[in-house]
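2 protein chains.
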Amino acid sequence: MKSAFVLLTLCLTLNVASQTDADVLKTIYKQSLTNGKSYDWLNHLSNQIGSRLSGSLGAEKAVSYTKAELENLGLDRVWLQPVMVPRWIRGTKEYGYIESALGKTNTVNICALGGSIATPALGIKANVVEVKNFEELALLGKDSIQGKIVFYNRPMQADLILTYEAYGGCVNQRYKGAVEAAKYGAAGVIVRSMNLRLDDLPHTGSMTYDDLPVNKRIPSAAISTNDAELLSTMLKLNTNTKFYFKQNCKQLKDVQSYNVIGEIKGSEFPNEYILVGGHLDSWDLGDGSHDDGAGVVQSMDVLRLLKTSGIKPKRSIRVVLFMNEENGLRGGKKYAQESKQKGENHIFALESDSGGFTPRGFSFDCTDASFNQVLNWQPLFKPYLIHYFEKGGSGADVGPLKTESNVLAGLRPDSQRYFDHHHASNDTFDAINKRELELGAATMTSLVYLFDKYGVNPISNLDNIKK
Amino acid sequence: MKSAFVLLTLCLTLNVASQTDADVLKTIYKQSLTNGKSYDWLNHLSNQIGSRLSGSLGAEKAVSYTKAELENLGLDRVWLQPVMVPRWIRGTKEYGYIESALGKTNTVNICALGGSIATPALGIKANVVEVKNFEELALLGKDSIQGKIVFYNRPMQADLILTYEAYGGCVNQRYKGAVEAAKYGAAGVIVRSMNLRLDDLPHTGSMTYDDLPVNKRIPSAAISTNDAELLSTMLKLNTNTKFYFKQNCKQLKDVQSYNVIGEIKGSEFPNEYILVGGHLDSWDLGDGSHDDGAGVVQSMDVLRLLKTSGIKPKRSIRVVLFMNEENGLRGGKKYAQESKQKGENHIFALESDSGGFTPRGFSFDCTDASFNQVLNWQPLFKPYLIHYFEKGGSGADVGPLKTESNVLAGLRPDSQRYFDHHHASNDTFDAINKRELELGAATMTSLVYLFDKYGVNPISNLDNIKK
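Those protein sequence lines, which keep their order, are chains A and B. Start counting the first sequence at 1; every next residue gets the next number (full-length UniProt numbering). Start counting the second sequence at 1; every next residue gets the next number (full-length UniProt numbering).
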């Protein structure tokens, strides 16, 4: 039986060698859409394991599960890379309300931001100063802010087509809001959730205190967009509107965790590495299906789909499931650091961390020459409606692998629904469409196949480019 | 106040006249994403009115509502075009089960196909013949089929990227299944739902008896994909598996209904018409949010967005909300017939009837010369990720308007999730994303703007085409 299997694999491999690239891509997409594993894996990760905040039991289970599943694929090597990660816990559910000048209260939907300190045990109640940005905050100054709760309420810009750009234009309120407000003596910070939609869900996400002394730190939390609208309206009607919130989240000691890594050894250039990855950790409110369960299972399926499509890579292909992207990036940094120490040459690294929606293309962080090489391949993707090939960022976890000559890339799925779910309790498996997820896995596999076959070409060849 | 408004409109209009096309498209998209009405209209249509099967109270309410809303837009003319429509009613909820050879029963999720006759009052129970297509049916012949229930179980092809193509490859089972099976004396027909996903929802849709005499007609119904899998498995285990179903749907007499039409009169070429439309009727299981509430409200918003963007059309722009697309196409046919009688020159007609998902582009039914003209405009759409410009079909309702020189087109949104909802009880407002809907309305408005500005150019100008 085993020799029959070897023969079959050999036939498939020889067959692929003689196929056109268009035929190979067709095989890859067909494999993913009719015989993919990504959806089943995600079902387990989301519904059997659930949320995977760094240092949590869920994260630990996810390490064991994905390692075991990679081992089942018969890769050349599967291992864990130890990495110490921060452990922040939310504690009991947060509670908050708006108190009108007449003393009437409206409960709001609120969640602590990741990394925030707790409020005092009895909570904080204070007057509220609403601002749109740090410039307004500075103009108000200490006299207006001291002892109050700063309410950041700059909405995501609806007329930007790429929702990531709208997120980029807002997220400093969440990440830096507390440290900025603390400068003026604020008692706490409330942020409008990073969500383009008006709804009732608070969205968490990381925040920083930078090097603020512990006794200067103030608690920060997000409220839903609907509650942000309500609070803003009430403040317009009466500036004496107060806000109360209580949270008992906590930063514990760092704990041991792992990146999960699998590898197919290259047949011709084993020392040239191609990496695909997503991050295994998630926030704790939903089950992290889009962020980034989708990227994890798609990356795992890239190696599997190469095999089931009969492709025998010339270069070494690695899947890396990074730990702690959300609140520390320790996994991404550790991987890059060890890789550098070992002198590993990563010619191409591809991250999927933008949700499991219909793939539209890729964003490339590379030289013009490499980008031109990629544009040559663009027509191969047209039958799959993959059209977005732009220079830009790649992904947080692969970013530290950047060199002068390599290519980093990020999968770019349709982004319209992403921030409806991002870091909120509705980032759950039911929001995933099986075909969309599988199309993403096939799109990633196709690009990996092409980079494996042709390598990274440092020579610009503008004449061949189809514009 | 009124003169101030007129002045403002004039300024906007003059301003637009001096803008580049790229600037105008930017204004249109911004208007739709920050000040669109499509989502609010759809909320009313879906949640206040609900399903709109031809001849139903819902359809009647939808006619009144959309007419009133178009009147609120201050168009030059809004009117109803009378059209007689078939009235089919589902009656009491269908019931069906699989009975194993040992007499154990499994209830299935089943719905009558639109246009089907009822079963006898006590239902039909019979042995089952599973086939994949009409060829298999013919090979089995009368001896194997007489008195049995024919079960059509050809799944939608998962490896086709455009799900409409997968639908096209399967839908003859639903539409013609009964008339084909009746030739061989079948007692009834069960069809696997047109759904790429495995789930529990039956999907209805139209079927025909052609010219089959009334006494030869047999009832036909759809079962969910999960139930189709179960029935198929049980038949493989034991061919003596039986199926029972009961439905009391009925075709009533035709009733009076209407197409709803609104018009902005063209300033330079009032006798050249540009039409945008969707269909007002829906199936009865969900609320028809994707099929085709989305197309209705997007089409309405095209006229409104032209106004709010300060565009004064040179040609007459009509929105037509067609009645009875689903089970008769009477509205589309009536509109084309009267338009022909009046000698109206429709240079361009655009339909949105493929769901309210993220728009990807258009399919064009036109001459090569006109298609080349459109390809010249393609770069204008790139910032909005609109990339799909292909020759192909347009839409059922605008199809009858085809001439040798005009351009028909269909909006092509992302199709991956469409058949999860199509004609099923989950075609509901919660499956609509506001931004995706608004992007569709803006994309349609942009193309209407360009055809209004430049007209349909019958001269091929291949040199200018950016390939």
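Cβ coordinates follow ideal geometry from the N, Cα and C atoms, glycine included. Since the model is a prediction, treat every value here as computed from it, not as a measurement.
Query                                                                                                                                                        : Result
If you drop the 5 nearest sequence neighbours on each side, which residues of the same chain put their C-beta closer than 7 Å to that of B:LEU235?           : VAL128, GLU130, THR241
In angstroms, rounded to a whole number, what distance separates the CA positions of A:GLY295 and A:GLN256?                                                  : 23 Å
Among the candidates B:ASN271, B:GLU263, B:ASP200, B:MET207, whose CA atom is the shortest distance from the CA of B:CYS170?                                 : B:MET207
Under 6 Å Cβ to Cβ from A:PRO270, same chain only, skipping five residues before and after it: list those, please.                                           : SER316
For B:TYR335 versus B:VAL63, is the C-beta spacing smaller than 8 Å?                                                                                         : no
With DSSP as the reference, label B:LEU380 as helix, strand or coil.                                                                                         : helix
By how many angstroms is the C-alpha of B:ARG412 removed from the C-alpha of A:VAL108?                                                                       : 40 Å
Would you give the residue range spanned by the alpha helix (DSSP H) that A:ASP281 belongs to?                                                               : Looking at the DSSP string, A:ASP281 is not in any alpha helix (DSSP H), and its letter there is neither H nor E.
Looking at chain A, is there any beta carbon in it that lies within less than 8 Å of the beta carbon of B:TYR273?                                            : no
Tell me which residues of the segment 380-395 of chain B have at least one Cβ-Cβ distance to chain A shorter than 8 Å, keeping chain order.                  : PRO383, TYR384, LEU385, HIS387, TYR388
Find the residues of chain A that neighbour B:TYR449, judging by a C-beta separation of less than 7 Å, and give them in chain order.                         : Residues of chain A passing the Cβ test: none, with the nearest at roughly 17 Å.
Can you tell me which of A:GLY185, A:ALA409, A:ALA166, A:SER100 puts its alpha carbon nearest to the alpha carbon of A:GLY147?                               : A:GLY185
Taking A:ASP427 as part of the beta strand (DSSP E), name the residues at either end of that continuous run.                                                 : Segment: none, A:ASP427 is in no beta strand (DSSP E) and carries neither H nor E.
Identify whether A:MET84 lies in helix, strand or coil by the three-state DSSP scheme.                                                                       : strand
Distance, Cα to Cα, B:ILE124 vs B:TRP88?                                                                                                                     : 21 Å
Just to make sure I have the definition right: I need the residues of chain B whose C-beta is within less than 8 Å of the C-beta of A:TYR29. Which are they? : ASP159, ILE161
On a CA-only basis, which of B:VAL214, B:GLU136, B:GLU229 is nearest B:ASN195? Give me that one, please.                                                     : B:GLU229
Using a Cβ cut-off of 8 Å (strictly closer), state whether A:THR428 contacts chain B.                                                                        : no
Between A:LYS104 and chain B, is the shortest Cβ-Cβ distance under 8 Å, so that the two count as touching?                                                   : no
Grouping DSSP H, G and I as helix and E and B as strand, with all else coil, what is B:HIS44?                                                                : helix
Any C-beta of chain B within less than 7 Å: which residues of the segment 169-202 of chain A qualify?                                                        : LEU196, ARG197
Between B:ASP21 and chain A, is the shortest Cβ-Cβ distance under 8 Å, so that the two count as touching?                                                    : no
Using 8 Å as the limit for Cβ to Cβ distance, is B:ARG417 near chain A?                                                                                      : yes
Is there at least one Cβ from chain B nearer than 8 Å to A:ASN433's Cβ?                                                                                      : yes
Relative to chain A, which residues along the segment 277-306 of chain B have a C-beta separation below 7 Å, given in chain order?                           : none
The segment 24-58 of chain A: which residues have C-beta closer than 7 Å to a C-beta of chain B, in chain order?                                             : TYR29, LYS30, LEU33, THR34
Helix, strand or coil, according to DSSP, for B:LEU447 in the structure here?                                                                                : helix
With DSSP collapsed to three states, give me the class of B:VAL6.                                                                                            : Reliability fails at B:VAL6, whose pLDDT of 48 lies under 50, so the model's placement of it is uncertain and the value that follows must be treated cautiously. Looking at B:VAL6 - three-state DSSP - the assignment turns out to be helix.
Look up A:ASP463 in the DSSP assignment and say whether it is helix, strand or coil.                                                                         : Model confidence at A:ASP463 stands at a pLDDT of 43, short of 50, so the residue's coordinates are unreliable; what they give is reported in the following sentence. If DSSP states are grouped into helix, strand and coil, A:ASP463 belongs with the helices.
Report the neighbours of A:ARG318 on chain B: residues whose CB is nearer than 7 Å to its CB, in chain order.                                                : Here the premise fails: no neighbours, minimum Cβ distance about 28 Å.
By how many angstroms is the C-alpha of B:ALA221 removed from the C-alpha of B:THR204?                                                                       : 8 Å
Out of A:MET84, A:ALA68, A:VAL85, which one is the CA nearest neighbour of A:ARG77?                                                                          : A:ALA68
Given a cut-off of 8 Å, decide if A:LYS314 and A:GLY262 are closer than it, judged by their beta-carbon atoms.                                               : no
Examine chain B for any beta-carbon lying closer than 8 Å to the beta-carbon of A:ARG154, and answer yes or no.                                              : no
Thinking B:VAL407 and B:ILE311 are a contact (beta carbons under 8 Å), I'd like their distance in whole angstroms, please.                                   : Actually they are not in contact, since the Cβ atoms of B:VAL407 and B:ILE311 sit about 19 Å apart, beyond 8 Å.
Could you pull the start and end residues of the alpha helix (DSSP H) that A:PHE134 belongs to?                                                              : 134-145
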